[in-house]
Amino acid sequence: MHARSAVVDLYGDHLREHGWWAPVAGIVTLTSTCNVQPAAARTAVSRLVREGWLVAERHEGVRGYAATPLARERLVRAGERIYADRPPRWSGSWHLVVVDGDGDRRRRDRVAASLGYLGYGRLAPGTWASPWRSPELADALADHGASWTGWTAQPEEVDAAALTARLWDLDALGRAYLDFGATLPDPDRLADLEPAAAYALRAELVHEWRKFLFRDPGLPVEVLPPDWPGQTVRETFLDVAGRLRPAADAFVAATLGAARARPTAARGEAARPA
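In structure tokens:
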């Protein structure tokens, strides 16, 4: 797991319950459980500060970092998609977006990556479609300086399943779901995991599942093949993640508590008379 992803996943998956803030030592300890080196974790935090995701804050003399309001909003929305038990009900309409073609290739690649994450498939050069209108679309394209036009429509003479197969490689996506499902542990064999191991395993699985947000907008059941594996794999993932959650939460709370207490203990030792 990359250091940046480990830090972002920590904030998105656990720190909402802790005021969106963590001491530096706590961030380093928790990400090291996911095999992230301390120096890499600190570098990732610094980059997230520059990108507007984190801000330095001291709580009771302890140095740490809090998620910014923008980061909180995006993490909450990502969490809603990660832990959705099924796709929402579909109206049968598509959201079409035409993005201007100005700018260099690097900007166009960033725009394409953002649209893919938000659930849009490329219909034609500069034209994207999704069964859902993303509430993050305007802000995401504004971040890239891209102008765009969007509207809701229903295609003529093309059924929804055929359009879906044109926009997304369903064969590859279905295989990806099956491959991920094969890595999931038996939900009934997780009770004896130590908290640190539960946190590390859950972080890894959530990280891998989060990648589907870039590949699948939560396609409606109406447009999918009858033997689609995505929903079965989703249900197993949610079961595993839910069973790991209590031990993982306990590990996070204990780690953050120890990190907060460390400076206080150090000050107390320094104040003792010789």
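The numbers in the sequence shown follow our numbering, run straight up by one, and end at 1351. Here a beta-carbon is modelled for each residue, glycine too, at the ideal position from N, C-alpha and C.
Check the Cα spacing between Pro-1164 and each of Glu-1312, Asp-1326, Asp-1263 and Arg-1320: the tightest is with Glu-1312. Secondary structure at His-1091: coil, using DSSP grouped into helix, strand and coil. Remark: C-beta atoms of Val-1176 and Trp-1245 do not approach each other more closely than 8 angstroms. In this structure, Ala-1327 and Pro-1272 form a Cβ contact; the two beta carbons are roughly 5 angstroms apart against a cut-off of 8 angstroms. Residue state for Ala-1318 is assigned as helix, using DSSP reduced to three classes. If you draw a straight line from the Cα of Arg-1135 to the Cα of Leu-1147, it comes to about 20 angstroms.
In its chain, beyond the 5 residues on either side, Gly-1251, Tyr-1254, Leu-1255 and Gly-1258 have a beta carbon closer than 8 angstroms to the beta carbon of Pro-1306. Assignment of beta strand (DSSP E) within the region 1167-1226, counting only whole runs of 3 or more residues, yields 1171-1176, 1198-1201 and 1204-1207 in chain order.
The count of Cβ pairs closer than 8 angstroms, one atom from the region 1143-1160 and one from the region 1203-1210, stays below three, leaving the stretches out of contact. Bounds of the alpha helix (DSSP H) holding Ala-1242 are 1237-1244. Beyond the five residues adjoining it in sequence on each side, Arg-1292 comes within less than 8 angstroms, by CB distance, of Gly-1193, Trp-1245, Leu-1250 and Ala-1253 in the same chain, given in chain order. Put simply, the region 1259-1266 does not touch the region 1209-1219. Fewer than three CB pairs are less than 8 angstroms apart. Judged by pairs of C-beta atoms under 8 angstroms, the region 1100-1113 touches the region 1078-1086, as three or more such pairs exist.
Two segments are said to touch when three or more pairs of C-beta atoms, one from each, lie closer than 8 angstroms; by this definition the region 1185-1200 does not touch the region 1115-1131.
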